[in-house]
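Following the numbering used here, the numbering of the sequence shown begins with 1 at its first residue and continues without gaps. Positions of the beta carbon are idealized from the N, C-alpha and C atoms, including for glycine.
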Amino acid sequence: MLLHIPEVLTAEELAHGRALLERAAWADGRITAGQQSAQVKRNLQLPQHLPEARELQALVEAALKRNGLFFSAALPKKVFPPLFNCYQGGMDFGNHVDNAVRSDPFDHAWVRTDVSCTLFFTGPDEYDGGELVVEDSYGAHRVKLPAGDMVLYPSTSLHRVEPVTRGARIASFFWTQSMVRDDAKRSLLFDMDMAISSLRREHGETEALISLTGNYHNLLRMWAEV
Ligand code: NI
């Protein structure tokens with residue numbers, strides 16, 4: 001499942017986040033890359049312990065906590081502290097699959113990467129290139145979203161970021177360990193949740209809807225690891 005989640009950040013959060021990103025000291029993006037991806041990764045990244053990075057992490061985490069679509073699609077068990085990257089002057093990130101497990105730099109707990117997210121801080125009119133290209137069994141999907149919007153996709157996907165030939169592409173990216181590790185099961189639960197919500201809006205609470213909602217929770221209970 002590849003999902004576009006609009007307006008994850010408010011205009012105020014976006015403006016504040018951009019001000020922090022502008023004054024922070026960027027470093028070489030290979031600080032968090034694995035062996036294979038270090039060879040194809042050419043970008044800048046915020047060191048995770050910088051005060052600006054800490055404030056930005058809290059800002060993104062707060063936005064995720066209030067986002068119902070993110071919760072329904074990711075079914076988060078643990079979110080890796082959000083990272084921030086910048087591509088400019090021809091920088092790109094070639095095809096790779098994200099590392100399967102990562103150690104949280106703050107509490108040192110392992111996080112299995114089930115779901116990958118990119119949250120955009122600059123908009124499509126501010127740079128050329130820089131599309132996130134995600135490949136799945138239906139082909140290659142090219143993603144370039146408004147500032148404040150986010151894309152969510154399975155971490156099992158092969159993906160890349162195209163060279164940025166004008167301006168700067170600044171984004172937050174992070175991984176989530178899901179209560180439901182399998183993408184097919186997660187997608188089924190998400191579709192079911194969306195259909196139930198839409199039926200509830202159209203028809204109000206009915207006996208059949210109560211039963212369907214029960215089915216959703218019983219499937220989640222069958223598959224969730226908490
Ligand atoms: Ni990646």
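Residue nearest to R142 within the set F84, L9, G129 and P6 is G129 (criterion: CA-CA distance). If you draw a straight line from the Cα of V101 to the Cα of A11, it comes to about 33 Å. The beta carbon of H141 sits no closer than 7 Å to any heavy atom of the ligand NI. For V133, the CB contacts under 8 Å within the same chain, skipping 5 residues up- and downstream, are A140, H141, R142, V143, H159, R160, V161 and E162 in chain order. Fewer than three beta-carbon pairs drawn from the segment 183-200 and the segment 42-50 are found closer than 8 Å, and the two stretches are therefore not classed as touching. The continuous beta strand (DSSP E) containing M150 extends over residues M150 to P154.
Nearest to T32 by C-alpha distance, out of F80, L119 and L152, is F80.
The segment 113-125 and the segment 144-152 touch, with no fewer than 3 CB-CB distances between them shorter than 8 Å. Within the segment 16-73, the complete alpha helix (DSSP H) segments at least 4 residues long are 35-38 and 51-65, listed from N- to C-terminus. As a beta-bridge residue in DSSP terms, R102 pairs with V111. Where D182 is concerned, there is no enclosing beta strand (DSSP E), because DSSP gives it neither an H nor an E.
Only residues of its own chain outside the window of five on either side were considered, and among them L189 have a CB closer than 7 Å to the CB of L219, listed in chain order. Residue range L132 to D136 is occupied by the beta strand (DSSP E) that includes E135. A Cβ-Cβ separation of about 23 Å leaves E131 out of contact with A63 under the 8 Å criterion. Applying a distance threshold of 6 Å between residue Cβ atoms and the heavy atoms of the ligand NI selects H96, D98 and H159, given in chain order. Around the beta carbon of N215, fewer than 16 other beta carbons lie within 10 angstroms, which makes this residue exposed.
For G129, the enclosing beta strand (DSSP E) starts and ends at Y127 to G129.
N95 sits exposed, since fewer than 16 C-beta atoms from the chains shown fall within 10 Å of its C-beta. Between the alpha carbons of R112 and T176 lies a gap of roughly 7 Å. Taking the Cα of V115 as reference, the smallest distance to any Cα among F174, G89 and G90 is reached at F174.
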